[in-house]
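Residue numbers (my numbering), protein chains in the order written: chain X, 9 to 326; chain S, 39 to 174; chain G, 71 to 651.
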């Protein structure tokens, strides 16, 4: 009897959209056998280009995603979009509203849009987004776009799942460059000053270019800075041309290595951390340690050392 | 029980009706009840709603209609779901729905009609009862 | 009456210690459930500065010492006057089906003595700039209002208004926003056709696009081009349709969508400021057009003290803004001209035990009478039941209003709360909070910027949710809804006769008939003329400086359809994008 995911993958190969959606859910929810499913999916993937779009709220990421997808689709490419929004830390629920800005591409059969919540697990989303991007890739999508909120660390993590990262900013954004979060400047492959119809757009471009030149490394080309506006349509065609050029050449061989390393480590970390939690909770060692610490019989550092010994992992030189 | 499994709900405004208060309140409310809510915004065609529901793999579609066009719009959504073999998705309707039309909507396959003022907890409880195998 | 503040301060403390706190403690409360206000509550300002006289800056006490209905109150009572008789006013808000359906309905009303001018509700496709044969219009044609696809439809409606009811004698209201320019053009074209001078046309187009983005959702073009269109209507009306009101700015819709009282006030004023700026940008002198601005109404609630304070604060704020910021000299520029003042708002009515809504409406009416308006018991008690107001509900509403006017004489005193320590401090606080909110919006760049970045829309959504949470958690009680719903309560109801307003059969076939009308129109009209007029419109639209009204008028007269006109503008302006929550 075929596993549920085996039937789904077969249906996906047949072009069944619902099966694709259900497979995504299956993997996102980490249902039984999801890893086996991904082992089957993995070799089917590899032909898509995965773009990441990040930037602060208000930058116009969804609108830009919509514009890019529209153009690429008109030029003959099929698109998968993953739109990420934060889960509520209180209820665990989420309000996923990126589709609001993507109304005009939401009936095109060649464009598949999926909203994902961060679900509050550190590092968890990154893997899930990578898996979903891979599934969309395997389903035959030429391009996958991951769009994030740009608040908190999860979003920077997610973007590490992309081959090419666009950082969207806009004139009047807080203290402009200062507002661009630490970490995002380093990972962006392209800077887009959106809402370029507003005052201060050119100044912002100059600021970013100066910043990039300053922090640039020898022999490494500084990322480009482009201007776009969904009001005047300025720069949108150029942006898409630029992205298509990347799709052609995929210069970032150096990136590929790093991405695979990241993925292995992230999967390992997740597994190990899960294993540890499970084992410690199962045989009551964790509870026991808590009791002892509260009774002031032992400090947390020692307690951990002792438990680590039982894992047969040599204690690092603490 | 899988801890990561969430109930996903699509809240949609079909047609040209621009009154969003009910949809907003339900969207925020269900989020705070632990659901993942995809809100489509205004001016959705039945085709867009069906598409979104399928792509997002939601268990529930909530239609909010205050323009009086609820019968024709709901019918189109139900037809679209049927065509796509997706009529296992629970469809609930809210807004300004005259008593007399509730039976007609149910006849189309709508599971429940929640008129204005229904507490969010009741809607959430209803969904939890009728969506299989989920704890949210 | 001199007040020694020091003495009162001491006495207040004594009172709190000797009378208030012991009582609070005795009942095991954290704080008293009541408040009391003294001269200490009024922090600054004097009577002339803050209150003044009714009809004089700053208009806190009212727009005028008395309204027209008060001048003729006795006559009205003696002749048993009913507002739906017209008397030079607009009739009941309505509209359905095709233009012919609505015209026939209006004629029937006139034959029954209800001779009010057309107060037209348009269907959603019309409000959103679509023709009845558009795929977007399916299922919606003629439903929430009448379908207008072209000037021909407009003319058909007005076949009910000729002779003693011609358009130079009765006003018209148009609840139209995004394509208001087109409807205003039709009104002007009709006058031209009938040989009526344009400056005789009276009435009010709603023409308040900004609140659509925030709370009502029937927008077409993005905010900035929409303001350009507004500017053009403003200039056109100021030049030619001098007796027509230019707009009807509404906090009402925002409040019904969930905005808080302060947001309602602040956002309305912010929008008003944006419209004033548009008029000035069009080259007009402030006093030439500001007197033709009106306000639809602010929203309402059951907390009538606060609603009265809002009315007073609003009048004072708008007057100050017009005078100090825009340099208005004419008193009429500074007025908040609105058909009603304080009220409870339709969202305060309940589906449960609906007769209670009459009680609620009366409370609103008292608030209106005490805040410079007619004490109207609004809305009729069966409002939430849908399917139209019954004759019983309308009768009760009328009688309640009459009782408040003639028996209670509530409106016989202007601004009765003036000078109340409570009301003056509440008015000040309302003004302060609204100014702070307004300041926020101005810092963003004004109403248009606060709409483009979604701030106002999101704020309203959040407030709506907050209110819901308060009710569901029983922090706020609504009688018969989340409280007093037990088995000992009786669901009081009376038999209602809902007047057959709209023939359901007509409504059902309206879409089909209108599509046939549209097809016929397209066969009969001069295609070349239409094409040319649309082409001219396109070119004019591309030049930001040009006033679009002349070209829109030409399109309208050539029988271009509403959608054809809007599609040209969509091409040039783009379409508005919804904002994220």
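No residue lacks a Cβ here, since even glycine has one placed at the ideal position from N, Cα and C.
Per DSSP, reduced to three states, the secondary structure at residue 177 of chain G is helical. If you check each beta-carbon in the segment 115 to 144 of chain X against every beta-carbon of chain S, the ones closer than 7 Å belong to 115, 120, 121, 122, 123, 125 and 127. In this structure, DSSP gives residue 46 of chain S an extended state, which the three-state scheme calls strand.
The three-state secondary structure of residue 484 of chain G, taken from DSSP, is coil. Among the residues facing chain S, residue 276 of chain G is not included, as its CB has no counterpart in that chain under 8 Å away. Proximity of the segment 234 to 247 of chain G to the segment 135 to 142 of chain S falls short of the contact definition, fewer than three beta-carbon pairs being nearer than 8 Å.
Under DSSP, residue 115 of chain S takes part in no beta bridge, so it has no partner.
Residues of the same chain with a CB within less than 7 Å of the CB of residue 491 of chain G, apart from the 5 flanking positions on each side, are 107, 108, 109, 111 and 112 in chain order. Taking a Cβ-Cβ cut-off of 8 Å, the neighbours of residue 327 of chain G in chain S comprise 57, 58 and 59, given in sequence order.
Note that the C-beta distance between residue 113 of chain S and residue 115 of chain X is not below 8 Å. Contact of residue 71 of chain X with chain G is assigned, a C-beta pair being separated by under 8 Å. Contact residues of the segment 100 to 115 of chain X toward chain G are 103, 105, 106, 108, 109 and 111 (C-beta to C-beta distance below 8 Å). Listed in chain order, the alpha helix (DSSP H) runs fully inside the segment 196 to 232 of chain G are 221 to 227, counting runs of at least 4 residues. Membership of residue 123 of chain X in the beta strand (DSSP E) is indicated by the continuous run 119 to 125. In the structure shown, residue 310 of chain G falls within a coil segment according to DSSP collapsed to helix, strand and coil. Between residue 176 of chain G and residue 225 of chain G a beta carbon distance of about 13 Å is seen, past the 8 Å cut, so the two are scored as non-contacting. The beta carbon of residue 580 of chain G does not come within 8 Å of any beta carbon belonging to chain S, so the residue lies off that interface. Residue pairing by DSSP puts residue 275 of chain G in a beta bridge opposite G:244. Using a Cβ-Cβ cut-off of 7 Å, residue 280 of chain G is close to nothing in chain S; its nearest Cβ partner there is about 14 Å away. By the Cβ-count criterion, residue 57 of chain S is buried, with 16 or more other Cβ atoms from all chains shown falling within 10 Å of its own Cβ. For residue 516 of chain G, the CB contacts under 8 Å within the same chain, skipping 5 residues up- and downstream, are 340, 343, 344 and 347 in chain order.
Around the Cβ of residue 483 of chain G, a 10 Å sphere holds fewer than 16 other Cβ atoms; the residue is exposed.
Shown here, residue 57 of chain X sits in a strand according to DSSP, grouped into three states. The alpha-carbon of residue 473 of chain G is positioned some 15 Å away from that of residue 139 of chain G.
A contact between stretches requires three or more CB pairs, one per stretch, nearer than 8 Å, and the segment 534 to 550 of chain G fails this requirement with the segment 355 to 371 of chain G. With its beta carbon less than 8 Å from one in chain X, residue 650 of chain G belongs to the interface. Put simply, the backbone Cα of residue 366 of chain G is about 48 Å away from that of residue 43 of chain S.
For residue 66 of chain S, the neighbours in chain G by C-beta distance under 7 Å run, in chain order, 535.
Distance from the Cα of residue 274 of chain X is smallest, within the candidate group X:231, X:169, X:67 and X:236, for X:169.
For residue 407 of chain G, the closest of G:368, G:377 and G:202 by C-alpha to C-alpha distance is G:368. Residues of chain X with a Cβ closer than 7 Å to the Cβ of residue 74 of chain S are, in chain order, 101, 102, 104 and 125. Legend: CB atoms of the segment 38 to 68 of chain X lying less than 7 Å from CB atoms of chain G belong to residues 66. According to the DSSP assignment, residue 177 of chain X belongs to the beta strand (DSSP E) that extends over 172 to 177. Residue 634 of chain G counts as buried, since no fewer than 16 other beta carbons sit within 10 angstroms of its beta carbon.
Just measuring C-alpha positions, the residue of G:220, G:461 and G:81 sitting nearest residue 627 of chain G is G:220.
Using a Cβ distance threshold of 8 Å, residue 61 of chain X and residue 71 of chain X do not count as a contacting pair.
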